[in-house]
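*Asks:*
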Amino acid sequence: MLAALLAETPALPLHTAGKYVAAAYIVLFVLVLVYVAIMALRLSRIERELGELLELADEQKESSTA
Amino acid sequence: MPSSSRPGAGAPDSRPRSAGRGGYGKGLGALSIATVVAMAASLALVFFYAPLEAEEGFLQKIFYVHVPLAIVALCGFVIGGLFAIQHLRTRDPRWDMLSYVAIHMSLIFAVGTLITGSIWAKGSWGHWWVWSEPTLVSFLIVFLLYATYQPLRFAIEDPERQSRYASVFAITAGAFVPLNFIAVRASTQFLHPRVLGSASNLPGSMAFTFVVSVVAIALLWTTLCKYELTAKHTRAQVKALRRRLAGEAVDPMRRSRSAAPAAPPTPVVRTST
Numbered sequence: 241m242l243a244a245l246l247a248e249t250p251a252l253p254l255h256t257a258g259k260y261v262a263a264a265y266i267v268l269f270v271l272v273l274v275y276v277a278i279m280a281l282r283l284s285r286i287e288r289e290l291g292e293l294l295e296l297a298d299e300q301k302e303s304s305t306a
Numbered sequence: 006m007p008s009s010s011r012p013g014a015g016a017p018d019s020r021p022r023s024a025g026r027g028g029y030g031k032g033l034g035a036l037s038i039a040t041v042v043a044m045a046a047s048l049a050l051v052f053f054y055a056p057l058e059a060e061e062g063f064l065q066k067i068f069y070v071h072v073p074l075a076i077v078a079l080c081g082f083v084i085g086g087l088f089a090i091q092h093l094r095t096r097d098p099r100w101d102m103l104s105y106v107a108i109h110m111s112l113i114f115a116v117g118t119l120i121t122g123s124i125w126a127k128g129s130w131g132h133w134w135v136w137s138e139p140t141l142v143s144f145l146i147v148f149l150l151y152a153t154y155q156p157l158r159f160a161i162e163d164p165e166r167q168s169r170y171a172s173v174f175a176i177t178a179g180a181f182v183p184l185n186f187i188a189v190r191a192s193t194q195f196l197h198p199r200v201l202g203s204a205s206n207l208p209g210s211m212a213f214t215f216v217v218s219v220v221a222i223a224l225l226w227t228t229l230c231k232y233e234l235t236a237k238h239t240r241a242q243v244k245a246l247r248r249r250l251a252g253e254a255v256d257p258m259r260r261s262r263s264a265a266p267a268a269p270p271t272p273v274v275r276t277s278t
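Which chain is which? The protein sequence lines are A and B, in order. Plus 240 on top of the position in the first sequence (first one is 1) and you've got this note's numbering. Plus 5 on top of the position in the second sequence (first one is 1) and you've got this note's numbering.
#1: Take leucine 268 of chain A as the anchor and find which of B/Lys244, B/Leu225, B/Lys237 and B/Thr239 has the nearest alpha-carbon.
#2: In the DSSP output, which residue or residues are listed as bridge partners for glutamate 58 of chain B?
#3: Which whole-angstrom value describes the C-beta separation of leucine 325 of chain B and threonine 121 of chain B, a residue pair presumed to lie in contact below a C-beta threshold of 8 Å?
#4: Just the chain A side, please: which residues come within less than 8 Å of tyrosine 29 of chain B by C-beta, in chain order?
#5: Tell whether a beta-carbon distance below 8 Å holds between leucine 103 of chain B and phenylalanine 82 of chain B.
#6: Would you mind working out which of B/Gln242, B/Leu246, B/Lys231 and B/Pro266 sits nearest valine 276 of chain A, comparing C-alpha positions?
#7: What does glycine 258 of chain A touch in chain B if you count any residue whose Cβ is under 8 Å from its own?
#8: In or out: isoleucine 38 of chain B buried (at least 16 other Cβ within 10 Å) or exposed?
#9: Hey, could you find the ends of the alpha helix (DSSP H) asparagine 206 of chain B is sitting in?
#10: At least one CB of chain A closer than 8 Å to the CB of leucine 246 of chain B: is that the case?
#11: Exposed or buried, glutamine 242 of chain B, counting other C-beta atoms within 10 Å across all chains shown (16 or more means buried)?
#12: Using the Cα positions of valine 255 of chain B and alanine 221 of chain B, report the straight-line distance between them to the nearest angstrom.
#13: With DSSP run on the structure shown, which of helix, strand or coil describes serine 137 of chain B?
#14: Measure the C-alpha to C-alpha separation of glutamate 58 of chain B and cysteine 80 of chain B and round it to an integer number of angstroms.
#15: When the cut-off is 8 Å and only beta carbons count, does threonine 227 of chain B lie next to chain A?
#16: How about leucine 234 of chain B: is its C-beta nearer than 8 Å to some C-beta of chain A?
#17: Taking arginine 247 of chain B as the reference, which of A/Ala297, A/Leu273 and A/Ser284 has the closest Cα?
#18: Indicate whether isoleucine 67 of chain B and isoleucine 124 of chain B have their beta-carbon atoms separated by less than 8 Å.
#19: Which chain A residues are close to lysine 231 of chain B, counting only those with a beta carbon under 8 Å from its beta carbon?
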């Protein structure tokens, strides 16, 4: 059935095919963008934790000198 | 793939090393730049160099993103299986981490393959999905098979058993991928356009564009895997530092329940300097 459908259907004109092609490339872009956003969240969490650890290290240093 | 440092005998060293002594992030900057350049070159070739295909017209441009995504995802699943073999051979958790990240990333690429394939099918066939097409259905089966990987890991609490069972799964499923591919190619229906092999008939400019696209997507996969490994390793280092500052003993087995393996102390993959 599909073979017959393909034989009958001519190539889509640019204005019709363009939206499908754009959608496919946008999918790839969005996937990468979502991944980058997740990595940014992770990075900010690590930055926050490192800040906490720095405070902890400072407190320990002060208590050992006192 | 890796010029690997074979893990030493005995229990793996659980002490995290500092990033200054080299880690998963080594060479990440250069790899990221190479990926961006390759992706830009690929897009330029697709839209300004590759000619329009006679039957599909402009719609065929989807293949330069859809097919490389599929190839890289399937290869990634097989690579995950190969890392799992190394894990079972050496019992080194670093191989388990590599296997986990390879499968995790390939699963994301497989989602991209399914979505871009559906978009192409809608434009070309007028349907989002065709159940009578063996290539589509077989890829969906592979995707669903690997979709059970993370729940499997999460279902097992003991980290040692989790990594062992996950490796067995990765090897079995990894062997299924090429078998599935061969079975589909051997089937009688050839409605799905063939890009690779004798039936492809790609002219030189299209073939060149296609190869560059595959390289670009493969580089993207490698870069994202490296990002993932670096993030997990950094997080493990921060956790170890917190324990050290709090005066607690480092116990790599004590952790919250997670599908991800415990981050290994040092990377397996190293680039020679």
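Glycine included, every Cβ here is placed at the ideal spot set by N, Cα and C. What you are looking at is a predicted structure, and each value in this text was computed from that prediction instead of being measured.
*Replies:* A quick look at the data gives this:
#1: Position 28 of the first sequence holds residue 268 of chain A. Comparing Cα positions, the closest option is B/Leu225.
#2: Here residue 58 of chain B is taken as the residue at index 53 of the second sequence, counted from 1. Beta-bridge pairing links glutamate 58 of chain B to B/Gly62.
#3: The structure shown does not extend to residue 325 of chain B, since chain B is modelled only from 6 to 278, so the question has no answer here.
#4: The sequence position of residue 29 of chain B within the second sequence is 24, counting from 1. Ordered by position in chain A, no residue passes the 8 Å Cβ test against tyrosine 29 of chain B, which lies about 13 Å from the chain.
#5: Residue mapping note: residue 103 of chain B aligns to position 98 of the second sequence, counting from 1. Residue mapping note: residue 82 of chain B aligns to position 77 of the second sequence, counting from 1. For leucine 103 of chain B and phenylalanine 82 of chain B, no; Cβs fall outside 8 Å.
#6: As a first step, residue 276 of chain A must be located in the first sequence, where it is residue number 36. Looking at the Cα atoms, B/Lys231 is the closest of the given residues.
#7: By one-based count along the first sequence, residue 258 of chain A stands at place 18. In chain order: Phe63.
#8: Working through the second sequence from its first residue, we reach residue 38 of chain B at position 33. Exposed: under 16 other Cβ atoms inside 10 Å.
#9: On the second sequence, position 201 is the one that residue 206 of chain B refers to. Careful: asparagine 206 of chain B lies outside any alpha helix (DSSP H) and carries neither H nor E.
#10: Reading the second sequence from its first residue, position 241 is the one you call residue 246 of chain B. Yes, leucine 246 of chain B counts as interfacial toward chain A.
#11: What you label residue 242 of chain B is simply residue 237 of the second sequence in a count that begins at 1. Its Cβ being crowded by 16 or more others within 10 Å, glutamine 242 of chain B is buried.
#12: Position 250 of the second sequence, counted from the start, is the residue given in the question as residue 255 of chain B. Position 216 of the second sequence, counted from the start, is the residue given in the question as residue 221 of chain B. The predicted position of valine 255 of chain B is uncertain, since its pLDDT is 49 and thus under 50; no value can be drawn from it.
#13: Taking the second sequence and counting its residues from 1, the one referred to as residue 137 of chain B is at position 132. Coil.
#14: Start at 1 with the first residue of the second sequence, and residue 58 of chain B comes out as number 53. Start at 1 with the first residue of the second sequence, and residue 80 of chain B comes out as number 75. C-alpha separation (whole angstroms): 27 Å.
#15: In the second sequence, the residue the question calls residue 227 of chain B occupies position 222. Chain A contact via Cβ: absent.
#16: Within the second sequence, numbered from 1, the residue matching residue 234 of chain B stands at position 229. Taking Cβ atoms only, chain A never reaches closer than 8 Å to leucine 234 of chain B, which makes this a no.
#17: Start at 1 with the first residue of the second sequence, and residue 247 of chain B comes out as number 242. If we check each option's Cα against that of arginine 247 of chain B, A/Ala297 comes out closest.
#18: Along the second sequence, one-based indexing puts residue 67 of chain B at 62. Along the second sequence, one-based indexing puts residue 124 of chain B at 119. Going by C-beta atoms, isoleucine 67 of chain B is nearer than 8 Å to isoleucine 124 of chain B.
#19: Here residue 231 of chain B is taken as the residue at index 226 of the second sequence, counted from 1. Result: empty, since nearest Cβ-Cβ is about 12 Å, beyond 8 Å.
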